[in-house]
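Written out below as structure tokens is the structure these notes cover.
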Amino acid sequence: MKKIIYDKIDKAKIAEMKRVVFPGRIFVITTEGEARRAIDYLMTFKLVGVDTETRPSFQKRKTNKVALLQVSTENECFLFRLNRLGITPDIKRFLESDVIKVGASLHDDIHVMITRQKFAPKNFVDIQKIVEQLGVKDKALRKLYANFFGMNISKTQQLTNWEADILTDAQKQYAAIDAWSCIKLYNEITRLIATQDYELVETVSLTDNV
Numbered sequence: 317m318k319k320i321i322y323d324k325i326d327k328a329k330i331a332e333m334k335r336v337v338f339p340g341r342i343f344v345i346t347t348e349g350e351a352r353r354a355i356d357y358l359m360t361f362k363l364v365g366v367d368t369e370t371r372p373s374f375q376k377r378k379t380n381k382v383a384l385l386q387v388s389t390e391n392e393c394f395l396f397r398l399n400r401l402g403i404t405p406d407i408k409r410f411l412e413s414d415v416i417k418v419g420a421s422l423h424d425d426i427h428v429m430i431t432r433q434k435f436a437p438k439n440f441v442d443i444q445k446i447v448e449q450l451g452v453k454d455k456a457l458r459k460l461y462a463n464f465f466g467m468n469i470s471k472t473q474q475l476t477n478w479e480a481d482i483l484t485d486a487q488k489q490y491a492a493i494d495a496w497s498c499i500k501l502y503n504e505i506t507r508l509i510a511t512q513d514y515e516l517v518e519t520v521s522l523t524d525n526v
């Protein structure tokens with residue numbers, strides 16, 4: 317039986333779905349030594365998920381620098397506190413490495429990291445671009461995960477303080493899920509593209525016929 321996916325998905329339906337929980341271990345990286353060891357480990361993987369978080373600004377024309385880089389395998393996630401570390405030589409080495417780094421809206425993530433320190437991004441793959449091959453139009457991470465896996469990624473921590481002295485457990489879960497879910501989505505999207513084992517259902521809204 318082919319997998320059913322939708323070109324668009326209703327936010328109200330997502331709210332009714334079971335919430336995603338990150339199943340692995342989370343490591344908060346705050347020193348250069350920790351960053352070096354974490355990067356050495358991550359460089360042994362062929363593919364990882366990535367994302368960033370920035371402290372929100374509620375003042376016009378004021379933006380904050382990126383505070384967190386999340387890098388996840390299928391079993392663990394490393395949270396690099398860039399507001400303390402900056403882009404260390406080891407983090408730069410990783411960002412320029414052959415490791416495939418999958419994420420969503422990667423142009424934004426790369427841009428905010430380059431504002432901290434210039435680097436030559438390599439092997440970044442944006443799932444929002446490859447999912448277009450399946451005819452999916454709703455490409456926000458939360459909507460993609462609900463569409464492909466029927467589960468809800470909570471966004472309640474998105475506008476919290478990512479420069480806080482200590483990240484809360486809820487923040488760490490949120491950050492880890494955003495990076496880890498990109499691996500899950502990448503593997504499923506590429507599988508469906510290769511096998512064509514899916515059926516796309518086109519949704520119709522009341523405004524479509526206006």
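Going by the working numbering, the first residue of the sequence shown is number 317, and it counts up by one from there. Ideal Cβ positions, reconstructed from N, Cα and C, are used throughout, including at glycine.
As for any alpha helix (DSSP H) of minimum length 4 sitting wholly inside the region 402-442, the runs are 405-411 and 422-432, ordered along the chain. In the DSSP annotation of this structure, Arg-458 is not part of any beta strand (DSSP E); the continuous alpha helix (DSSP H) holding it starts and ends at 457-465. Listed in chain order, the non-local C-beta contacts of Asn-380 below 6 Å within the same chain comprise Thr-370, Arg-371 and Ser-373, local neighbours out to five positions each way being set aside. Under the three-state reduction of DSSP, Ile-320 is assigned to strand. Under the three-state reduction of DSSP output, Asp-326 falls in the coil class, being neither helix nor strand.
By the Cβ neighbour-count rule, Ala-436 is exposed, with fewer than 16 other Cβ atoms within 10 Å of its own.
For Ala-383, the three-state secondary structure derived from DSSP is strand. In the three-state DSSP reduction, Gly-365 falls in the strand class (E or B). Here the alpha carbon of Lys-378 sits roughly 45 Å from the alpha carbon of Glu-515. A direct Cα-Cα distance of roughly 31 Å separates Glu-392 from Gly-451. Annotated as proximal: Leu-457 and Ala-420, with beta-carbon spacing under 8 Å.
In the assembly as shown, Lys-327 is an exposed residue. Its beta-carbon has fewer than 16 other beta-carbons within 10 Å. In terms of Cα proximity to Glu-412, the closest of Lys-438, Arg-335, Trp-496 and Asp-454 is Lys-438. Contact between Tyr-502 and Val-418 holds, since their C-beta atoms are separated by about 4 Å, short of 8 Å. Put simply, of Ala-491, Gly-340, Asp-356 and Val-520 the residue whose alpha carbon is nearest the alpha carbon of Val-366 is Ala-491. Here Ile-321 has Leu-450, Val-452, Asn-463, Phe-464, Leu-508, Tyr-514, Glu-515, Leu-516 and Val-517 as same chain residues with Cβ atoms under 8 Å from its own Cβ, once five neighbours each way along the sequence are excluded.
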